[in-house]
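Position 62 of the sequence shown, counting from 1, maps to 61 under numbering that gives the first Met the number 0, and the rest follow consecutively. Where a beta carbon is used, it is the ideal one built from N, C-alpha and C, also for glycine. Heads up, the thing below is written out as structure tokens.
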Amino acid sequence: MPVFKTPFNSYSVKFSPFYESQLAVATSQNFGILGNGRLHVLQLNPTITEITSFDTTDGVYDLCWSESHDSLLITAVADGSLKIYDLSLPPMASTSIPFEKTPFLVLPGMIR
Numbered sequence: 000m001p002v003f004k005t006p007f008n009s010y011s012v013k014f015s016p017f018y019e020s021q022l023a024v025a026t027s028q029n030f031g032i033l034g035n036g037r038l039h040v041l042q043l044n045p046t047i048t049e050i051t052s053f054d055t056t057d058g059v060y061d062l063c064w065s066e067s068h069d070s071l072l073i074t075a076v077a078d079g080s081l082k083i084y085d086l087s088l089p090p091m092a093s094t095s096i097p098f099e100k101t102p103f104l105v106l107p108g109m110i111r
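Structure representation (structure tokens):
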């Protein structure tokens with residue numbers, strides 16, 4: 000049986016509703032208490048191959064594939080925000096890191 004080890008602790012695993020061999024994994028550092036997170040998109044072949052990954056400054060607790068578009072993923076992040084990723088887009092240019100993989104849209108959480 001193939002194995003894929005993530006550098007952080009896994010919180011959610013969801014299969015794509017469009018591609019039976021594609022899945023996404025939401026992970027968080029330090030058991031989600033403190034630290035970064037990462038979204039992994041994996042392909043199941045005879046082995047497990049990482050298609051892409053997205054780093055976040057807070058843990059990623061949950062994810063959901065879009066049921067109407069095959070390349071959209073929505074994640075719930077520890078800072079209370081929802082981040083939407085489009086796998087069909089190329090990495091976006093950022094001021095700090097060129098071609099950093101960033102979310103397509105960020106919906107901020109409630110401010111106290």
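By DSSP, does G31 sit in helix, in strand, or in coil?
G31: helix per DSSP, three-state reduction.
Is F3 closer than 8 angstroms to L33 when the C-beta atoms are compared?
No, these two residues do not count as a Cβ contact at 8 angstroms.
What residue does the beta strand (DSSP E) around P49 start on, and which one ends it?
In the sequence on display, residue 49 carries Glu and not Pro. First-last of the beta strand (DSSP E) with E49: 47 to 55.
Any idea if H39 is buried or exposed, counting beta-carbon neighbours within 10 angstroms, 16 or more meaning buried?
That one is buried.
Grab the span of the beta strand (DSSP E) containing F14 for me, first residue to last.
Looking at the DSSP string, the run of the beta strand (DSSP E) that includes F14 is 8 to 14.
For a test of the three-state rule: what should DSSP assign to D78, helix, strand or coil?
D78 falls in the coil class under three-state DSSP.
Between F14 and L22, is the Cβ-Cβ spacing less than 8 angstroms?
Contact: yes.
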